[in-house]
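Heads up: the sequence lines are chains A and B, in that order.
Residues 5 to 100 in our numbering are what the first sequence lists, from first letter to last.
Residues 25 to 331 in our numbering are what the second sequence lists, from first letter to last.
We treat Cβ as the ideally placed atom computed from N, Cα and C, and that holds for glycine.
Predicted model, so just to flag it, every value in this text is computed and none were measured.
Written out below as C-alpha cells is the structure these notes cover.
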Amino acid sequence: EKLFVGDQVLRVTARDEEQIALLRVLGERTELQLDFWRHPARPGLPADLQVPFPCLQEVKTFLESNNISYSVMIEDVQELLDEEKKTMNKSRRTER
Amino acid sequence: STSTFDFASYHTLDEIYDWLNTLVADHPNLVSKLHIGQSYEKRPLYVLKFSTGGSNRSAIWLDTGIHSREWITQATGVWTANKIVEEYGQDPSVTAILDSMDIFFEIIVNPDGFAFTHSSNRLWRKTRSINAGSPCVGVDPNRNWDAGFGGAGSSSNPCSETYRGPYAHSESEVKSIVDFICGHGSVKSIISIHSYSQMLLYPYGYKTVPAPNHQELNEVAKKAVSDLAAVYGTKYTYGSIADTIYMAGGTSVDWAYDNGVKYSFTFELRDTGRYGFLLPSSQIIPTATETWPALLDIMVHVLEHPY
Numbered sequence: 005e006k007l008f009v010g011d012q013v014l015r016v017t018a019r020d021e022e023q024i025a026l027l028r029v030l031g032e033r034t035e036l037q038l039d040f041w042r043h044p045a046r047p048g049l050p051a052d053l054q055v056p057f058p059c060l061q062e063v064k065t066f067l068e069s070n071n072i073s074y075s076v077m078i079e080d081v082q083e084l085l086d087e088e089k090k091t092m093n094k095s096r097r098t099e100r
Numbered sequence: 025s026t027s028t029f030d031f032a033s034y035h036t037l038d039e040i041y042d043w044l045n046t047l048v049a050d051h052p053n054l055v056s057k058l059h060i061g062q063s064y065e066k067r068p069l070y071v072l073k074f075s076t077g078g079s080n081r082s083a084i085w086l087d088t089g090i091h092s093r094e095w096i097t098q099a100t101g102v103w104t105a106n107k108i109v110e111e112y113g114q115d116p117s118v119t120a121i122l123d124s125m126d127i128f129f130e131i132i133v134n135p136d137g138f139a140f141t142h143s144s145n146r147l148w149r150k151t152r153s154i155n156a157g158s159p160c161v162g163v164d165p166n167r168n169w170d171a172g173f174g175g176a177g178s179s180s181n182p183c184s185e186t187y188r189g190p191y192a193h194s195e196s197e198v199k200s201i202v203d204f205i206c207g208h209g210s211v212k213s214i215i216s217i218h219s220y221s222q223m224l225l226y227p228y229g230y231k232t233v234p235a236p237n238h239q240e241l242n243e244v245a246k247k248a249v250s251d252l253a254a255v256y257g258t259k260y261t262y263g264s265i266a267d268t269i270y271m272a273g274g275t276s277v278d279w280a281y282d283n284g285v286k287y288s289f290t291f292e293l294r295d296t297g298r299y300g301f302l303l304p305s306s307q308i309i310p311t312a313t314e315t316w317p318a319l320l321d322i323m324v325h326v327l328e329h330p331y
C-alpha cells in the first residue's frame, strides 16, 4: 500500500502567465514526482500541488525564489488518509 | 436494504455494487441495472436505468467517478440515485422528467481505479491498463475521448496523470459508454460529475471558440449554480471548459456535444480549500444535497427543450 507520510499539498496562486508557465515547467520535472490535484490554469485561480516529502524543500524554494505565493493546504497527506480510514472502519462497525 | 445503507460514509466498490442490487430490488418498477461492458481488469460496468416505461424514450445520462480518487463524486452519485427514486411521485419535476424520459446513471465509471484507491493507492486517478513499453500504468479516461484527442491539456507520456492513451477510446471504460450512447441514439443530455473546483462547465474544452449553443448552455449553468448556492452558499463558477479552466482535449462532454448531445455539462463539486480529494465523509450529504437542485435544473431544462 502506498504511503504518503510527510507529503504536503500546496495551494499555489500564480499572479500572471509567466508564473503559470513556471509552474508547468516545475510539473514536468518527473524526478520530483509532483501531482497537480488542480492544474495551474490561469492567473488568480488556485492550483493544488501534492509534493512528496523528500522534495518539499526544493519545491518551496522554487516557489519562493520566483515570488509565487502559496499556502499549505494539507500538512501531512498520510494523516488525513489515516483519519479517513478510521472513519470508514468506524462506520462499518456501526449497527444500522 | 436502501434504508440501512449509510449514505454519509465512503464505501468500497463491492459495497456500492451490492447497493445497486438493493436499489433495483426495492424499486423494480422504476430501476433496473444494465451491464454495458467490462473494465480493463474485467470488472463489470453497470448503469442504472430509471424508467417508468415506454420504448424509444429520450434520455439523460449521468456519470460519476471517471477519476477514481474523486471519492466525493461516487458518494454523491449513490446519494443522487437514491434521491431520484425517493422523489419520483413526490417531486413534480422528477416525476415529470421520468414520466417522459429515462435517466441512465453510471456511478462507478472507473471501477479498476476505484478498487485501486481502496486497496493500494488512495490518490489514483487513471484507469489501470498496462501501457506497452512503459513502467507506468493507466490512462486518464477523461482525455481518451474522440473529441480533440491528443490536443492541449493532455499528455502523450504514460507516466503523466493526464496521459491520453494510445488512441481515442482505447479504454474499455470509455468505449463502453461510447457504444452505449451511440447505440441508444436518443441521449439528449450528459452530465459528468467530478471534484473538486466548484465549477459547472460546458463545451468546448479542446478549442476556445464558443459552442454553437453557448448562450443557452451559459444560461442553464447560471441558473443551476445560483440554485446550488441557495442551499449552503457554495459559490460555483461556470462557463466553457477552455475559458474557465484550461484547454483540455479528449473529454467526455466535448465528445458528447460533437456527437449531437446538446446539453453536455460537467460538474466539479465542492472545494473547502482544506482537503482536496480527501474531503471528509461528513461532507458527502451536504455536497450531494446542494448539487441536487443544480442537477434538477439541467434535467428540467432538457425536458422542457426537446430537440
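Cβ neighbours of residue i in the same chain (closer than 8 Å, five flanking residues each side left out)
i                      : result
residue 332 of chain B : Since the first residue of chain B shown is 25 and the last is 331, residue 332 of chain B is not available in this structure.
residue 142 of chain B : 36, 37
residue 187 of chain B : 150, 155, 160, 162, 163, 164, 167, 178, 179, 180, 181
residue 70 of chain B  : 41, 44, 57, 58, 59, 60, 130, 131, 132
residue 120 of chain B : 324, 327
Short CB-CB distance (under 8 Å) between residue i and chain B
i                     : result
residue 79 of chain A : no
residue 45 of chain A : yes
residue 95 of chain A : yes
residue 52 of chain A : yes
residue 35 of chain A : no
residue 86 of chain A : no
residue 28 of chain A : no
residue 5 of chain A  : yes
residue 91 of chain A : yes
Cutoff 7 Å; reference residue i; Cβ partners in own chain excluding five residues on either side
i                      : result
residue 256 of chain B : 310, 314
residue 63 of chain B  : 69, 135, 136, 196, 197
residue 22 of chain B  : With chain B covering only 25 through 331, there is no way to say anything about residue 22 of chain B.
residue 65 of chain B  : 136, 152
Cα-Cα separation, residue i to residue j
i                      : j                      : result
residue 199 of chain B : residue 131 of chain B : 16 Å
residue 129 of chain B : residue 316 of chain B : 14 Å
residue 61 of chain B  : residue 20 of chain A  : 45 Å
residue 49 of chain B  : residue 77 of chain B  : 17 Å
residue 220 of chain B : residue 148 of chain B : 15 Å
residue 69 of chain A  : residue 63 of chain A  : 10 Å
residue 39 of chain B  : residue 232 of chain B : 41 Å
residue 91 of chain B  : residue 55 of chain A  : 20 Å
residue 331 of chain B : residue 81 of chain B  : 13 Å
residue 124 of chain B : residue 271 of chain B : 36 Å
residue 94 of chain A  : residue 76 of chain A  : 28 Å
residue 176 of chain B : residue 60 of chain A  : 28 Å
residue 72 of chain A  : residue 214 of chain B : 38 Å
residue 274 of chain B : residue 74 of chain A  : 30 Å
residue 193 of chain B : residue 169 of chain B : 6 Å
residue 222 of chain B : residue 239 of chain B : 21 Å
residue 11 of chain A  : residue 254 of chain B : 36 Å
Burial state of residue i, where buried means 16 or more other Cβ atoms lie within 10 Å
i                      : result
residue 90 of chain A  : exposed
residue 34 of chain A  : exposed
residue 306 of chain B : exposed
residue 47 of chain A  : exposed
residue 106 of chain B : buried
residue 172 of chain B : buried
residue 118 of chain B : buried
residue 191 of chain B : exposed
residue 7 of chain A   : exposed
residue 29 of chain A  : exposed
Residue i at chain A interface by Cβ criterion, 8 Å
i                      : result
residue 50 of chain B  : no
residue 166 of chain B : no
residue 206 of chain B : no
residue 185 of chain B : yes
residue 332 of chain B : Coverage of chain B is limited to positions 25 through 331, which leaves residue 332 of chain B absent and any answer about it impossible.
residue 81 of chain B  : no
residue 278 of chain B : no
residue 269 of chain B : yes
residue 297 of chain B : yes
residue 250 of chain B : no
Neighbourhood of residue i by C-beta distance below 6 Å, restricted to the same chain and skipping five residues each side
i                      : result
residue 83 of chain A  : none
residue 33 of chain B  : 305
residue 24 of chain A  : 18, 44
residue 139 of chain B : 37
residue 291 of chain B : 217, 224
residue 88 of chain B  : 97, 98, 101, 131, 217
Residue-level contact to chain E via CB, residue i, 8 Å cutoff
i                      : result
residue 180 of chain B : No chain E is part of this structure, whose protein chains are labelled A and B.
Problem set entry | Chain-ordered residues of the segment 10-22 of chain A with a beta carbon less than 8 Å from chain B | 13, 15
Problem set entry | Residues of the segment 137-161 of chain B with Cβ closer than 8 Å to any Cβ of chain A, in chain order | Listed by position along the chain: 143, 144, 145, 146, 147.
Exercise. Can you list, in chain order, the residues of the segment 301-323 of chain B whose Cβ is nearer than 8 Å to any Cβ on chain A?
Worked result: Legend: CB atoms of the segment 301-323 of chain B lying less than 8 Å from CB atoms of chain A belong to residues 301, 302, 304, 305.
For this session: Identify each residue in the segment 30-45 of chain B for which the Cβ-Cβ distance to at least one residue of chain A is less than 7 Å, and report them in chain order.
Result: 30, 33, 34
Problem set entry | Members of the segment 100-125 of chain B that neighbour chain A once the beta carbon cut-off is set at 9 Å | Listed in sequence order: no entries.
Exercise. What residues in the segment 216-234 of chain B bring their beta carbon closer than 8 Å to a beta carbon of chain A?
Worked result: 220, 221
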